[in-house]
Amino acid sequence: MMGACGPTPCSGFSRLPASYWWGAATQRRTSTSDDQSSAPDDNLNNDDDSAGDDDDLPPGFHIEWPEEFGYLPGEIEASTLAFGSATTGSVADIPVSISNPGLGQLEICESYVAVASFDADGELITESVTPNAELDWSGPSSLMSLEAGGVLDSPLLRFTPLYGTPLEDNLYLVVKHELNFDYADNSGTGLYIPITGQGDGQPVPDIVSTPATVEFPDLLVGEFSAVEEVQIANVGPGQLEIGTAYLQDNAHFTLASDDVSGLSLASGESGLMGVQFIPASEGNHSTILVVPSNDPDEDPLQIPLTGTADPVYTGKGPQAVCAVDFDSAPFSTEQFDGSDSFDPDGLVLTFSWVLTPPPGSASTLSSFSTPEPTISLDLAGDYSATLSVTNTAGQSDSCTQVISEPPRLFRRPQKLRDWGHHEVIEEVFCRGPGARRPFGWRGPEGLRLG
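Reminder that position 356 of the sequence shown reads as 370 in the working numbering, one-by-one numbering, no gaps.
Spelled out as C-alpha cells, the structure:
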C-alpha cells in the first residue's frame with residue numbers, strides 16, 4: 015500500500031488497493047480486481063462507493079496536456095512531454111493539467127525535473143535532480159493538498175533552447191503523490207513522464223546579474239553610500255555582446271564604475287559595475303540599472319536599485335524643530351520659534367510650550383499654544399522654553415530653545431547728603447541673576463565709598 019506524503023500516514027491511506035501500482039519509466043497500473051478494471055488506463059481514480067465517513071473518501075489523480083505535445087489519452091505509458099524543435103533563444107511552453115477527480119482530498123508530495131535510469135523491468139536505478147538551464151517547471155515542489163474535484167492552476171513546463179542541440183537523454187517530469195509514494199517509508203515509484211526537445215540554431219548567450227537587485231542602507235540627504243558592485247555574467251553557451259549600460263534616473267544614484275559596457279563575454283565570463291546612492295532629497299528613491307545585450311529573452315537586463323534618505327523622518331511621526339539659542343539685549347522683547355516643526359505624513363500639529371525663567375523673574379509667554387510666542391525679559395539669566403508638538407494620531411516630539419540675557423552694568427544718579435552738600439555721585443550696580451544691590455560707590459574726585 016502507498017502512504018501519505020508527510021511523516022505519518024494520512025487518514026485515507028488504505029483507500030488505494032494493493033493491486034494498483036505505478037511503474038517507474040512509465041505510469042502503469044495492473045489489477046487483479048474486476049471491480050476496478052473500468053478505471054482509465056492513464057490515470058488513477060479510486061472511486062470506492064463503500065467509503066464511510068468523509069475522512070475516508072478516496073482521492074483520485076489525473077494528469078494531461080495538449081495532444082500536440084505528445085499526450086495520448088488513455089495511453090499514459092506511451093505519452094511524452096514532447097517540445098519538438100524550437101529555435102534557440104525562443105520560449106516553448108507545455109501547459110500541464112493536474113486534477114483530483116476523486117471524492118477525497120489528494121496530497122501531492124512534490125514534482126520536479128530529473129535525469130533517471132531504469133532496468134529492464136522498469137525499476138528505478140538512478141535519479142539525479144540538478145538544475146537544467148533549458149528547462150523550467152512551475153508545478154508544486156513541496157507538499158500540497160488538492161481538494162476533491164480540484165485542478166492545479168496551469169503549471170507550465172518551459173523549454174528555452176540555448177545550445178542548438180537535443181535535450182539530454184533520460185529527462186523526466188516526476189510527480190509523487192499519496193497514491194504512488196510513501197514518504198514515511200521512502201517507498202513507492204512515483205510517476206515519470208519522458209521529456210524530449212530539440213534546439214535549432216546557433217548557441218545563444220544568457221545574461222545574469224549578481225545581485226539581481228541592490229538595496230542601499232539608509233542615508234541622510236547629501237551623504238554618499240559605499241559603492242556596491244554588480245557582476246554581469248554570461249551563463250549561456252553563446253557569445254554575449256553588451257551595449258552601453260545606463261541608469262533610468264540618476265537624480266539620486268550614480269554609475270560609479272563601468273567595466274561592462276561594450277564587452278564581449280564568452281560563456282562563463284563576467285565583468286563588474288559599481289553603483290552608488292547619493293540622495294538629493296529625503297524619501298524613498300529607486301531607479302533601474304539598464305544593461306542592453308544580445309540576450310534573446312532578456313534584452314535589456316534590468317536591475318532595480320532602491321534607497322531611503324533621512325530615515326529618521328520617514329514614518330516616524332512629527333518632528334519638533336526649535337530655532338537656535340541666542341543672547342538678548344537687556345530688557346528686550348524676544349520670540350521663541352518652533353514654526354519649522356512638521357509632520358512627514360502631513361498631519362495637523364498642536365503646540366504646547368513650557369517656560370523655565372531665571373529665579374525671581376516674573377516674565378511669561380504671550381501664548382503657550384502658538385508656534386512663535388514672545389517674551390519680555392526682566393532679569394539677567396537663561397529663559398528656557400520646551401516645545402512639544404503632537405499630531406492628530408497622538409504622536410509627539412519635543413525640542414528646547416534658550417534665550418539668555420547676560421549680566422548687565424548700569425549707573426544711577428545718586429546725591430550724597432551725608433557730606434553736607436548736594437554733589438551728584440554715581441552708584442554702580444552689577445546686575446546678575448536676581449542681583450539688586452550696589453557693589454560700590456564713587457564720590458567726588460574719585461572718592462570710593464562702601
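Just so you know, even glycine gets a beta-carbon here, dropped at the ideal spot from N, CA and C. Remember, it's a predicted structure, so these values are computed and weren't measured experimentally.
For residue i, the residue or residues it bridges with in DSSP
i, result
"G213", "A100"
"I302", "P318"
"E283", "DSSP output for E283 lists no bridge partner at all."
"N405", "L363"
Residue i, DSSP secondary structure in three states
i, result
"F132", "strand"
"I389", "strand"
"D70", "helix"
"A226", "coil"
"I90", "helix"
"E124", "strand"
"F506", "Nothing about residue 506 can be reported from this structure: the residues present for the chain run from 15 to 464 only."
"N248", "strand"
"Q415", "strand"
"E266", "It should be pointed out that residue 266 corresponds to His in this sequence rather than to Glu. Coil, per DSSP."
"A323", "strand"
"N308", "coil"
"D243", "Reading off the sequence shown, one finds Glu at residue 243, where the question assumed Asp. Strand, per DSSP."
"A106", "strand"
"T347", "strand"
"E296", "coil"
"T370", "strand"
"V188", "strand"
7 Å Cβ shell around residue i - same chain, five flanking residues per side excluded
i, result
"S412", "A334, T400, L401, S402"
"D341", "S418, P420"
Straight-line gap, residue i to residue j (C-alpha atoms, nearest Å)
i, j, result
"V244", "P310", "21 Å"
"F267", "A240", "12 Å"
"A106", "E296", "46 Å"
"F230", "P318", "11 Å"
"S201", "Q262", "54 Å"
"D354", "W151", "57 Å"
"S111", "G153", "10 Å"
"P371", "D396", "6 Å"
"G66", "G163", "Any reading at G66 needs caution, since the residue's pLDDT is 47, under 50, leaving its predicted position unreliable; the model's value is listed next. Answer to the nearest angstrom: the Cα atoms are 19 Å apart."
"L149", "D324", "45 Å"
"E121", "P73", "9 Å"
"V305", "I246", "9 Å"
"G88", "T210", "20 Å"
"T301", "D220", "23 Å"
6 Å Cβ shell around residue i - same chain, five flanking residues per side excluded
i, result
"D133", "I139"
"I108", "W79, F83, L95, L171"
"F350", "P387, A399, Q415"
"M287", "V244, D272, V274"
"L277", "I256, G285"
"G331", "Q409"
"V368", "T400"
"V165", "S113"
"V189", "S125, L205"
Chain-order list of residues whose beta-carbon lies under 8 Å from that of residue i (same chain, five-residue window excluded)
i, result
"T347", "T388, I389, S390, L391"
"S155", "E124, S125, Y126"
"Q216", "T102, G178, G252"
"Q212", "F97, G98, S99, A100, P175, T179, P180, L181"
"L363", "P332, S355, F356, D357, V403, T404, N405"
"Y186", "V127, A128, V129, A130, Y206, I207, P208, I209"
Nearest-angstrom Cβ-Cβ length linking residue i and residue j, presumed shorter than 8 Å
i, j, result
"Q119", "L160", "7 Å"
"V222", "V249", "5 Å"
"L269", "S307", "At roughly 16 Å, the Cβ-Cβ gap does not stay under 8 Å, so L269 and S307 are not in contact."
Residue-level contact to chain B via CB, residue i, 9 Å cutoff
i, result
"F345", "Here there is only one protein chain, and chain B is not present."
Residue i Cβ short of 8 Å to the ligand COA heavy atom set
i, result
"I108", "This structure simply doesn't include the ligand COA, nor any ligand for that matter."
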